[in-house]
Amino acid sequence: MKKNFPIATLISARQELEASQRTLKSDKAAWTAVRKTLNDATRKVLDEQVNLLFARDICAYFWSAQKPDLDQVMMSLRQLYQQGASARSLNNYELGEFNLAMVVKSMMDIEDRQVLALTLELVQLTIIADADVYSQKAYMGNGGSVCLELACVGLGWGLREGDTCATTQEQYMACYQVFLWLIEKPEVMAAKYHNLDPFALFFGLHATGYGNYEVVAPIHDKVTCTMISLGFLPFSTSYPESEWSDMGSVSSFLGRTKDEKWINLLFPNEHPLLMRYLQAWEKAMIPAPLNILLNNFSASNTGRKIFKASFSPGPHWLIAGMIRHIPGMLFSLVTRNEKQLLAPFLKNYKRQLSILQNEKGQSLLQYAQHTRGVKADTIQLLREANIPFPAYGQ
1 MKKNFPIATL
11 ISARQELEAS
21 QRTLKSDKAA
31 WTAVRKTLND
41 ATRKVLDEQV
51 NLLFARDICA
61 YFWSAQKPDL
71 DQVMMSLRQL
81 YQQGASARSL
91 NNYELGEFNL
101 AMVVKSMMDI
111 EDRQVLALTL
121 ELVQLTIIAD
131 ADVYSQKAYM
141 GNGGSVCLEL
151 ACVGLGWGLR
161 EGDTCATTQE
171 QYMACYQVFL
181 WLIEKPEVMA
191 AKYHNLDPFA
201 LFFGLHATGY
211 GNYEVVAPIH
221 DKVTCTMISL
231 GFLPFSTSYP
241 ESEWSDMGSV
251 SSFLGRTKDE
261 KWINLLFPNE
271 HPLLMRYLQA
281 WEKAMIPAPL
291 NILLNNFSAS
301 NTGRKIFKAS
311 FSPGPHWLIA
321 GMIRHIPGML
331 FSLVTRNEKQ
341 LLAPFLKNYK
351 RQLSILQNEK
361 GQSLLQYAQH
371 TRGVKADTIQ
381 LLREANIPFP
391 AYGQ
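Below, the structure is given as structure tokens:
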């Protein structure tokens, strides 16, 4: 039986998001007010000192054996930012001088809690001081990754050993805080970032199954709820051609997992707080990913049982969308004798199925009766659904 979406978790996550971004916005307004009082010459001098501090001291702390005193470094950085210095001119190139993205990446190697707290403050202050979070990158072997992407990678992996992976709860929480500061609505991100789909990235890494999520599950669920409430989808919308592989990964994961939580999260029942997500899904309902989604549930008996149990209790927007956008797939399910996958359609959408016909004018029942390979129990299932199928030729 499909359970309800964890609305309480979503509300808590949104409250944390709004509080973090409200504080950041207020602090940035105060910094901007100071910045506006400076002439160009003063701005240039202060900004160059920030660049030097990153290139020399902050870089040395994270990358060198001979480390400066981080407390002293932070004191200098605070003073510069309080005077209106900007982090805007920090290097953007992932192989260039030290920048904010490199700090975020290094953050996941820090085990000392006090150092981690100072590093998180460094990130916060530098965001406030107008760092170009959309362009500054750290090396990831992929042309570089920006701060939000790095945070999503850390969150998506859970706790595990490896590059850009959190190994402690404290590191994971630090990634979550960076995520709260930087995540924006999909339409804003589409305009400001170059092909970054945070939910597709986050969920794709989770679906690999390599990470340990048990300890960080409450935060992991909050990230998921935040993404959903903002209207992000768990597959790529930046590269339409990748919907095949992305949706294949999503549905393959759903078809093999025995944790029904993900069905409840990704395919929730309608709720006012989920409208942005449901509207995004409606726009994304095109044949290719929907076919992949349904086919992957049929890849195992577990997947078939999950699909039937999840979508049979009552009408659901996903099933209705499949009838509208891939009606031919229902005839394919009949041919393949996929009785468990047919169940939600037959139970909850009798009127829609009663008028559904293939290119030969056949109803589902007529098609089943005249198609070689369709088993007797599949035909019986269609009859017992009590759908008023028209007589052949009508």
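So that you can map any letter, position 178 of the sequence shown is 178 in my numbering, and since no number is skipped, the others follow by simple counting.
Ideal Cβ placement from N, Cα and C applies to all residues, glycine included.
>> Assuming Leu341 and Ser312 are in contact, meaning their beta carbons sit under 8 Å apart, how far apart are those beta carbons, in whole angstroms?
In response: The C-beta distance from Leu341 to Ser312 rounds to 10 Å, too long to meet the 8 Å contact threshold.
> Among the residues of its own chain, which have a CB less than 7 Å from the CB of Asp57, if the five just before and after it don't count?
Replying inline: Sequence-distant partners of Asp57 (beyond 5 residues in either direction) whose C-beta falls short of 7 Å from its own C-beta, in its chain, are Pro68 and Val73.
> What is the DSSP secondary structure of Ser145, reduced to helix, strand or coil?
Replying inline: When DSSP states are grouped into helix, strand and coil, Ser145 belongs to the strand group.
>> Assuming the contact rule is C-beta atoms closer than 8 Å, Ala129 and Ala87 should be a hit. Round their C-beta distance to whole Å, please.
In response: Right, their Cβ atoms sit about 4 Å apart.
> With distances taken from CA atoms, which of Ile183, Gln136, Thr126 and Ala309 is nearest Ser20?
Replying inline: Among Ile183, Gln136, Thr126 and Ala309, the Cα nearest to that of Ser20 belongs to Ile183.
> How far does the alpha helix (DSSP H) with Asp40 in it reach, from first residue to last?
Replying inline: Counted as a single uninterrupted DSSP element, the alpha helix (DSSP H) harbouring Asp40 occupies residues Asp40 to Leu53.
> Would the beta-carbon of Asn4 fall within 8 Å of that of Asn264?
Replying inline: Against a cut-off of 8 Å, the Cβ pair of Asn264 and Asn4 comes out as a contact.
>> Out of Lys185, Gly141, Lys105 and Ser363, which one is the CA nearest neighbour of Cys175?
In response: The residue among Lys185, Gly141, Lys105 and Ser363 with its C-alpha nearest the C-alpha of Cys175 is Lys105.
> Does DSSP put Asn212 in a helix, a strand or coil?
Replying inline: In the structure shown, the three-state DSSP call for Asn212 is strand.
> Looking at C-alpha atoms only, which residue of Val133, Gly328 and Leu90 is the closest neighbour of Asn51?
Replying inline: If we check each option's Cα against that of Asn51, Leu90 comes out closest.
>> Given this structure, state the Cα-to-Cα distance separating Glu243 from Thr208, to the nearest angstrom.
In response: Summary for Glu243: the model assigns pLDDT 46, below 50, so the residue's position carries little reliability, and this model does not support an answer.
> Does the distance from the C-beta atom of Val250 to that of Phe202 stay below 8 Å?
Replying inline: For Val250 and Phe202, no; Cβs fall outside 8 Å.
>> Here's the rule I'm using: 16 or more other beta-carbon atoms within 10 Å means buried, otherwise exposed. How should Glu149 be labelled?
In response: With 16 or more other Cβ atoms within 10 Å, it is buried.
> Does DSSP put Ala284 in a helix, in a strand, or in coil?
Replying inline: In the three-state reduction of the DSSP assignment, Ala284 falls in the helix class.
> Per the contact definition of three or more C-beta pairs closer than 8 Å, is the region 27-42 in contact with the region 107-123?
Replying inline: Remark: fewer than three beta-carbon pairs, one from each stretch, lie closer than 8 Å, so the region 107-123 and the region 27-42 are not flagged as touching.
> Going by beta carbon distance, what residues of the same chain come within less than 8 Å of Glu241, once the five residues before and after it are set aside?
Replying inline: Confidence at Glu241 is low in this model, with a pLDDT of 49, below 50, so the placement of that residue should be treated as unreliable; the coordinate-derived value is given next. Nothing meets the Cβ criterion.
>> Let me make sure I understand the geometry here. Which of Ala343, Lys192, Pro186 and Ala200 has the alpha-carbon closest to that of Gln279?
In response: Residue Pro186 holds the alpha-carbon nearest to the alpha-carbon of Gln279 among Ala343, Lys192, Pro186 and Ala200.
>> Whole angstroms are fine: how far does the CA of Ile110 sit from the CA of Asp71?
In response: Rounded to whole angstroms, the gap between the alpha carbons of Asp71 and Ile110 is 15 Å.
> Using 8 Å as the threshold, is the region 330-339 in touch with the region 370-384, meaning 3 or more CB pairs across them?
Replying inline: Under the three-pair Cβ rule at 8 Å, the region 330-339 counts as touching the region 370-384.
> Could you check where the alpha helix (DSSP H) with Ser172 kicks off and where it finishes?
Replying inline: The sequence given here places Tyr at residue 172; Ser does not occur at that position. From DSSP, the alpha helix (DSSP H) with Tyr172 extends over Gln169 to Leu182.
>> Suppose contacts are defined by Cβ-Cβ distances below 8 Å. Is Gln177 in contact with Leu125 by that definition?
In response: Contact: no.
> By how many angstroms is the C-alpha of Thr42 removed from the C-alpha of Lys28?
Replying inline: If you take the alpha carbons of Lys28 and Thr42, they lie about 19 Å apart.
> So Gly204 is in the alpha helix (DSSP H); what residue range does that whole segment cover?
Replying inline: Taken as a continuous stretch (DSSP letters only), the alpha helix (DSSP H) holding Gly204 covers Pro198 to Ala207.
> Quick one: is Ala138 buried, meaning 16 or more other Cβ sit within 10 Å of its Cβ, or exposed?
Replying inline: Counting Cβ neighbours within 10 Å, Ala138 comes out buried, since at least 16 surround it.
> Leu122 and Val146: beta carbons closer than 8 Å?
Replying inline: Against a cut-off of 8 Å, the Cβ pair of Val146 and Leu122 comes out as no contact.
>> Taking only three categories from DSSP, how would you classify Ala65?
In response: Assigned with DSSP and collapsed to three states, Ala65 falls in coil, not helix or strand.
> Considering only the beta carbon of each residue, do Ala200 and Ser252 sit closer than 8 Å?
Replying inline: Cβ atoms of Ala200 and Ser252: not closer than 8 Å.
> Residues bridged to Leu159 by DSSP?
Replying inline: Leu159 is bridged to Ala166 and Asn212.
>> Within 10 Å of its beta-carbon, does Gly395 have 16 or more other beta-carbons around it, so buried, or fewer, so exposed?
In response: Coverage of the chain is limited to positions 1 through 394, which leaves residue 395 absent and any answer about it impossible.
> Could you give the residue range of the alpha helix (DSSP H) that holds Phe400?
Replying inline: Residue 400 cannot be examined here, being either before or after the span of the chain that is shown, 1 to 394.
> With respect to the alpha helix (DSSP H) encompassing Gln79, which residues constitute its N-terminal and C-terminal limits?
Replying inline: DSSP places Gln79 in the uninterrupted alpha helix (DSSP H) bounded by Leu70 to Gln82.
> Which residues in the same chain as Val45 place their Cβ atom closer than 6 Å to its Cβ, once the five residues preceding and following it in sequence are excluded?
Replying inline: There are no such residues.
> Anyone know if the C-beta pair for His367 and Ile319 falls short of 8 Å?
Replying inline: With the sequence shown as reference, residue 367 is identified as Tyr, and His is not the correct amino acid for it. With respect to the 8 Å criterion, Tyr367 and Ile319 are not classified as neighbours on the basis of their beta carbons.
> How is Ala453 classed by DSSP in three states: helix, strand or coil?
Replying inline: Only positions 1 to 394 of the chain appear in this structure, which leaves residue 453 out of reach.
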